[in-house]
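In UniProt numbering, the protein residues as written are 1 to 164.
Structure follows, in C-alpha cells:
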C-alpha cells in the first residue's frame, strides 16, 4: 500500500457547486475516479483538470453535462460514452459549497483514532492468546504454539532455506 492510499480511500467528496472537485480525477461519482473507470475517455478528454462546475452547462433550463473531447468518437467508443452518461445521470451541482467527508469513521468527521484503525491492517495476525495460554496445557507446548503462531518454529521448509 502506498503511503497516501489509506487516506484517499477513506475520503469522500460531496459535490455542492463543484468548484473544488476535479471532474475526472477526484472520487465524487460512484465510488471511483472517472479517470479510472473510463481511462480511454479520460485520455480523449479535452480538459482533464476541469472541475465539476466547469463541466456543467447551466445555460439550458435544467442544465446538463458539457463533456468535451479531442476528437469525434469511433463506433466502438460510443458505448463507453453511454456508460459515462449513465453514471452522471441524476448528478448535478447544487448551490451548496463542496465538502469532504471521512469514510473511515461513523460520524463522517476525521478522528485520529479512526485513522489509526484504518492504518492497522486487518490482515495482521491476531494473537490467539485464549487458545494458547490455557491452564491445562504444559508450558513447553504453550511456548511451541506461541512460536508457531508467529512463524518462528524451524519447520522442514525453514530449515531447508537455511541450508540444513
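A virtual CB, placed ideally from N, CA and C, is assigned to each residue, including glycine.
Short check: CB of residue i to CB of residue j, under 7 Å?
i: residue 93; j: residue 53; result: yes
i: residue 44; j: residue 84; result: no
i: residue 28; j: residue 35; result: no
From residue i to residue j, what does the alpha carbon distance come to, in whole angstroms?
i: residue 73; j: residue 30; result: 24 Å
i: residue 149; j: residue 8; result: 33 Å
i: residue 119; j: residue 113; result: 10 Å
i: residue 100; j: residue 66; result: 24 Å
i: residue 15; j: residue 115; result: 23 Å
i: residue 20; j: residue 131; result: 52 Å
i: residue 141; j: residue 151; result: 15 Å
i: residue 79; j: residue 63; result: 23 Å
i: residue 46; j: residue 117; result: 40 Å
i: residue 160; j: residue 153; result: 13 Å
i: residue 164; j: residue 139; result: 28 Å
i: residue 133; j: residue 155; result: 22 Å
i: residue 96; j: residue 145; result: 58 Å
i: residue 91; j: residue 33; result: 15 Å
i: residue 108; j: residue 48; result: 29 Å
i: residue 158; j: residue 147; result: 13 Å
Along the beta strand (DSSP E) that carries residue i, what are the first and last residues, could you check?
i: residue 100; result: 99-102
i: residue 11; result: 11-14
Please determine, among the options, the residue with the shortest C-alpha to C-alpha distance to residue i.
i: residue 103; options: 6, 10, 142; result: 10
i: residue 41; options: 59, 17, 68, 56; result: 68
i: residue 57; options: 18, 37, 48; result: 18
i: residue 12; options: 110, 78, 76; result: 110
i: residue 50; options: 22, 26, 64; result: 22
i: residue 39; options: 61, 108, 81, 6; result: 81
i: residue 87; options: 129, 37, 76, 48; result: 37
i: residue 6; options: 129, 163, 59, 105; result: 105
Between which two residues does the alpha helix (DSSP H) containing residue i stretch?
i: residue 146; result: 139-149
i: residue 119; result: 112-119
i: residue 157; result: 156-161
i: residue 5; result: 5-8
i: residue 130; result: 129-132
Could one say the Cβ of residue i lies closer than 7 Å to chain C's Cβ atoms, at least one of them?
i: residue 83; result: Considering every chain present, this structure includes no chain C. It has just one protein chain.
- Message: Ignoring anything shorter than 4 residues, give me the alpha helix (DSSP H) runs that lie fully in the segment 16-102, in order along the chain.
- Response: Every unbroken stretch of the alpha helix (DSSP H) spanning 4 or more residues and falling wholly within the segment 16-102 is given here in chain order: 34-37, 39-44, 52-55, 78-88.
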